[in-house]
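Notes follow the structure.
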Amino acid sequence: MADLTHSVHGPRDGPVVLLVHGFPFDRTMWRFQVGPLTKAGYRVVAPDLAGFGHTDGSFKTMEEAALDLLQLLGRLRVDRFIAVGFSMGGYVALALAALAKQRLQGLVLVDTRAEPDSPEGKTKREATISQVQSTGVRPLAMAMLANQLTEATRTGERLLAEEVRTAMLRQSKAGVLGALAAMRDRPDRRDLLPTLACPVLCLVGEQDKVTPPESAKAMAAAAASGEVHVVAGAAHLSPMERPDEVNAHLLAWLGKHAPATPQS
Ligand code: MLT
Numbered sequence: 020m021a022d023l024t025h026s027v028h029g030p031r032d033g034p035v036v037l038l039v040h041g042f043p044f045d046r047t048m049w050r051f052q053v054g055p056l057t058k059a060g061y062r063v064v065a066p067d068l069a070g071f072g073h074t075d076g077s078f079k080t081m082e083e084a085a086l087d088l089l090q091l092l093g094r095l096r097v098d099r100f101i102a103v104g105f106s107m108g109g110y111v112a113l114a115l116a117a118l119a120k121q122r123l124q125g126l127v128l129v130d131t132r133a134e135p136d137s138p139e140g141k142t143k144r145e146a147t148i149s150q151v152q153s154t155g156v157r158p159l160a161m162a163m164l165a166n167q168l169t170e171a172t173r174t175g176e177r178l179l180a181e182e183v184r185t186a187m188l189r190q191s192k193a194g195v196l197g198a199l200a201a202m203r204d205r206p207d208r209r210d211l212l213p214t215l216a217c218p219v220l221c222l223v224g225e226q227d228k229v230t231p232p233e234s235a236k237a238m239a240a241a242a243a244s245g246e247v248h249v250v251a252g253a254a255h256l257s258p259m260e261r262p263d264e265v266n267a268h269l270l271a272w273l274g275k276h277a278p279a280t281p282q283s
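Residue 20 is where the sequence shown starts when you use my numbering, and the numbers rise one by one after that.
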């Protein structure tokens with residue numbers, strides 16, 4: 020098991036919001052969410068998954084990553100929490116829900132999906148694994164940028180595009196290879212959603228080609244208590260591309276299901 024590097028923000032007694040980053044990113048991808056969440060009274064826990072950011076090692080299954088998170092929450096003495104997962108972080112959050120559904124106060128699935136990789140998707144993962152093994156993370160990161168942000172943002176907000184590119188380039192080869200295998204082998208979670216007693220919020224960029232709006236709508240419809248919002252002007256990386264809209268939806272939903280006391 021990995022000892023996850025993490026940061027904790029906000030009031031000690033606030034409802035705990037666990038932010039699980041996507042691929043190939045680290046906890047810095049949540050930098051636009053941390054301030055507004057803590058100001059609203061939430062205790063924010065943001066880890067780097069194994070092999071990403073400042074955490075060494077790698078994980079080979081989504082369960083392994085979820086168990087690392089449960090170990091971290093144990094160390095922080097957190098019982099109930101709201102899990103927020105972006106893309107691969109959503110796959111991990113769903114694994115976490117399967118392992119500890121009674122501890123979930125809410126589940127937020129951002130630009131992600133419950134269905135597994137298709138046979139073609141698995142073949143593509145294999146090719147990506149071979150490519151990363153022989154040429155490292157750089158070609159993958161460069162190829163992935165186009166899907167993270169809309170064309171308008173890539174050309175109009177160069178600093179943000181550069182930040183996103185740099186974040187992908189600094190991730191470790193071992194972490195990336197482990198996560199690719201874990202994504203390839205992840206199970207179908209569609210049957211899990213109706214069994215969750217907690218509310219589920221699905222957010223998705225309207226131009227998300229990696230995990231399209233249809234997947235988010237299907238997840239929200241499958242959940243016993245589901246809600247979905249499509250974020251205009253965003254591609255895949257909506258928490259960084261359209262943080263104000265994402266935060267507004269997240270805070271409104273949290274206010275309904277896990278109210279906190281705003282900090283002065
Ligand atoms: C992610 O954004 O976390 C991954 O690219 C998702 C995926 O490849 O399935």
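For glycine and all other residues, C-beta sits at the position ideal for the given N, C-alpha and C.
For clarity, every value in this text was computed on a predicted model and none was experimentally measured.
With contacts defined by Cβ atoms closer than 8 angstroms, Val53 and Val35 do not form a contacting pair. Glu260 is the residue among Ala146, Asp204, Ala242 and Glu260 whose C-alpha sits nearest the C-alpha of Leu178.
Burial is judged here by how many other beta carbons sit within 10 angstroms of a residue's own beta carbon; Arg96 has fewer than 16 and is exposed.
At least one heavy atom of ligand 1 is found less than 7 angstroms from the C-beta of Gly41.
Within its own chain, the residues whose Cβ lies closer than 6 angstroms to the Cβ of Trp49, once the five positions on either side in sequence are excluded, are Leu38 and Ala65, listed in chain order. Cβ-Cβ distances below 6 angstroms link Ile101 to Val36, Gln124, Gly125 and Ala277 in the same chain, with the five nearest sequence neighbours on each side left out; the list follows chain order. Cβ-Cβ separation between Met202 and Met107: approximately 6 angstroms, consistent with a contact (criterion under 8 angstroms). Three or more Cβ pairs closer than 8 angstroms define a contact, and the stretch 207–225 meets that threshold against the stretch 129–145.
Straight through space, the alpha carbons of Ala279 and Lys143 are spaced by roughly 43 angstroms.
Proximity of the stretch 243–262 to the stretch 194–208 falls short of the contact definition, fewer than three beta-carbon pairs being nearer than 8 angstroms. Taking a cut-off of 8 angstroms for Cβ pairs, the stretch 156–164 and the stretch 261–275 do not touch, as fewer than three such pairs fall below it. Sixteen is the threshold: since fewer than 16 other Cβ atoms of the shown chains lie within 10 Å of the Cβ of Gly155, the residue is exposed. Uninterrupted alpha helix (DSSP H) stretches at least 4 residues long and entirely within the stretch 123–200 occur at 138–154, 157–167, 170–175 and 177–188, given in chain order. Taking 8 angstroms as the cut-off, the beta carbon of Leu23 is found no closer than this to the beta carbon of Ala116. In the structure shown, Leu88 falls within a helical segment according to DSSP collapsed to helix, strand and coil.
Per DSSP, Leu115 is not a residue of any beta strand (DSSP E); the alpha helix (DSSP H) it occupies stretches across Met107 to Ala119. Counting C-beta pairs with one atom in each stretch, the stretch 227–242 and the stretch 145–153 have fewer than three that are closer than 8 angstroms, which means they do not touch. Distance from the Cα of Pro213 is smallest, within the candidate group Lys275, Leu113 and Arg46, for Leu113. Residue burial annotation: His25 is buried, with at least 16 other C-beta atoms found within 10 angstroms of its C-beta. Restricting attention to Ala59, Tyr61, Leu68 and Arg31, the CA atom closest to the CA of His40 is found in Leu68. Your pair Lys58 and Gln282 checks out as a contact, with CB atoms roughly 6 angstroms apart and the cut at 8 angstroms.
Under the three-state reduction of DSSP output, Val53 falls in the helix class. Here Glu264 is buried, its C-beta having at least 16 other C-beta atoms within 10 Å.
Here Asp32 is exposed: its Cβ has fewer than 16 other Cβ atoms, across all protein chains shown, within 10 Å.
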